[in-house]
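Q:
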Amino acid sequence: MAHEADSMEKLWHNYAGVFRGFDDLTLARWMSQTLSQLHGKLWRMSHPLVGAYRLAAMVAHDRQIWHQRMVAIPPDFPPAECCRAPLLPMITRDVLESGLICLHCNGTAVSFEQITDRDAAEALAGWAEEYSTTHSVAHWDDGRRGTHENFDQAFENAATESERLLSHMGQDLAPPFVEHYPSIVWEDQDECLQVRPEDIAM
Ligand SMILES: [Zn+2]
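Each residue of the sequence shown is one higher than the one before, counting from 1 in full-length UniProt numbering.
(1) Taking 7 Å as the cut-off, is the beta-carbon of histidine 67 closer than that to any non-hydrogen atom of ligand 1?
(2) Report all residues from its chain with a CB closer than 7 Å to the CB of serine 46; omit the five preceding and five following residues, and keep chain order.
(3) What's the gap between the Cα of alanine 159 and the Cα of valine 137?
(4) I'd like to know if the region 173 to 184 and the region 108 to 123 are in contact, where contact means that at least 3 CB-CB pairs between them fall below 8 Å.
(5) Entirely within the region 128 to 193 and at least 4 residues each: give me those alpha helix (DSSP H) ranges in chain order.
(6) Kindly confirm or deny that the region 10 to 24 and the region 138 to 152 touch, where touching means at least three C-beta pairs closer than 8 Å.
(7) Name all residues in chain order for which at least one heavy atom of ligand 1 lies closer than 7 Å to the residue's CB.
(8) If we ignore side chains and look at the alpha-carbon of each, how far apart do histidine 139 and leucine 193 end up?
(9) By alpha-carbon positions, which one of Gln171, Ala16 and Asp23 ends up nearest to glutamine 68?
(10) Skipping 5 residues on each side, what residues in its chain have a beta carbon closer than 7 Å to that of arginine 54?
(11) Looking only at its own chain, which residues have a Cβ that is under 6 Å from the Cβ of histidine 180, when we skip the five neighbours before and after it?
(12) Excluding the five sequence neighbours on either side, which residues of its own chain have a C-beta within less than 7 Å of the C-beta of proline 78, listed in chain order?
(13) Measuring straight from C-alpha to C-alpha, what distance separates arginine 44 and aspartate 141?
(14) Less than 8 Å between the C-beta atoms of histidine 135 and arginine 93, yes or no?
(15) To the nearest angstrom, report how far apart alanine 125 and tyrosine 131 are at their CA atoms.
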């Protein structure tokens, strides 16, 4: 699976070439324009527009585009505390430890404690705890796997449960966040359990 991650990274690096070919001003304009398309909605991470934006954000972060203030950030997007890029947070299964993740620097854009809607945060916390038990099956060590007569079956069950939980998060727990952030993304996959976006029913 490590090999798979490497090949994926290589592929994405390759795709990002289109943005590396943009000059700073063009890149800043493209991002600013795309941010306004992303505004006010909940997005799956796998959506191609989000994917393209993340690639641009990667290149922009390397070049510190938002510090150069070449283009005005769309007014609806306050700067993120982590890297001063426009606030575009993502909900992931690590929300308890890492809060909402910044799409620009992959740091913590909003810590769990800073989430203003406490009801939505608490619902997400309960979900994340349940999810982490399911997710941990992918990381069982050999001893733990051995005691299970059929690890394949346990893995399969965990993957099915992950699909259900991710669907619940995307459909019920993430939508309230749209009211509090300019735009919000949720991670609709679990690479460790081999759950792909198309496996998550919505
Ligand atoms: Zn950031």
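Idealized CB from N, CA, C, for every residue including glycine. In this text the structure is predicted, and so the values were computed from the model without any measurement.
A: Considering the structure as presented:
(1) It does not: the Cβ of histidine 67 is nowhere closer than 7 Å to a heavy atom of ligand 1.
(2) If we look at serine 46 and ignore the five residues flanking it on each side, its Cβ neighbours are Asp188, Gln189 and Pro197.
(3) Linking alanine 159 to valine 137 through their CA atoms gives a straight-line distance of about 9 Å.
(4) With the cut-off at 8 Å, the region 173 to 184 and the region 108 to 123 touch.
(5) Entirely contained in the region 128 to 193, the alpha helix (DSSP H) runs reaching 4 residues are, in chain order, 142 to 147 and 151 to 168.
(6) Contact fails: fewer than three Cβ-Cβ distances are below 8 Å.
(7) This criterion selects Ala80, Cys82, Cys83, Ala85, Cys102, His104, Cys105, Gly107 and Ala109.
(8) Distance from the CA of histidine 139 to the CA of leucine 193, rounded to the nearest whole angstrom, comes to 9 Å.
(9) When C-alpha distances from glutamine 68 are compared across Gln171, Ala16 and Asp23, the shortest belongs to Asp23.
(10) Closer than 7 Å at the Cβ level, and outside the excluded window around arginine 54, lie Leu103.
(11) So the list reads Thr116 and Asp117, once near-sequence residues are dropped.
(12) Annotation for proline 78: Leu87 place their beta carbon closer than 7 Å to its own, counting only its chain and skipping 5 residues before and after.
(13) Pairing arginine 44 with aspartate 141, the inter-Cα distance amounts to about 31 Å.
(14) The criterion of a C-beta distance shorter than 8 Å is satisfied by histidine 135 and arginine 93.
(15) Computed Cα separation, rounded: 10 Å.
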